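Down below is the structure, laid out as structure tokens.
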Amino acid sequence: MMQYIYRENGDAAGFVRGKYIYLMNGAPVGQLNGTRVHTMSGEYVGELYRDMVVDRNLGNRGNIGNPGNPGNVGSPGNPGNRGSISIGYRDVFNKLGR
């Protein structure tokens, strides 16, 4: 089953496949180290929490380095909007596109 990542407004922003995070068009934008989310270059962005990439105010968890490009995996299809949700943490998915 595909794990989608959502924005605060409920729209699907991307998905997880293995240890990578992809945009909905299949382009890789991030990597996972447990629940920690990093850019493809390794910079810490935030935490994966309740299917969102959020700033949980944990400080900077460092740089894990560039793993190389896993390639475009294609679009998995859009699951639709799950509804707006506020979990008390700031949505930082946009930091993956830097």
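Heads up: the sequence shown runs through residues 868 to 965, numbered per the working numbering.
Don't be surprised by glycine CBs; every beta carbon is placed ideally from N, CA and C.
From a predicted model like this one, the values you see are computed outputs, not experimental measurements.
Neighbourhood of residue i by C-beta distance below 6 Å, restricted to the same chain and skipping five residues each side
i    : result
G913 : V904, V920, V921, D922 and V959
Range of the contiguous beta strand (DSSP E) that encloses residue i
i    : result
L963 : Segment: none, L963 is in no beta strand (DSSP E) and carries neither H nor E.
Strand pairing of residue i, partner residues [DSSP]
i    : result
R957 : D922
G913 : V904
R884 : Y887
G819 : Outside the modelled stretch of the chain, which goes from 868 to 965, sits residue 819, for which no answer is possible.
Same chain, Cβ closer than 7 Å to residue i, neighbours up to 5 away in sequence not counted
i    : result
Y873 : A879, A880, D918, M919 and R949
P946 : Y871 and A879
R884 : V940
Residue i burial status per 10 Å Cβ neighbour count (16 or more: buried)
i    : result
M868 : exposed
G897 : buried
The ligand ZN heavy atom lying under 7 Å from the CB of residue i
i    : result
R928 : Inclusion of the ligand ZN in the displayed structure is not the case, the ligand content being empty and no account of it being possible.
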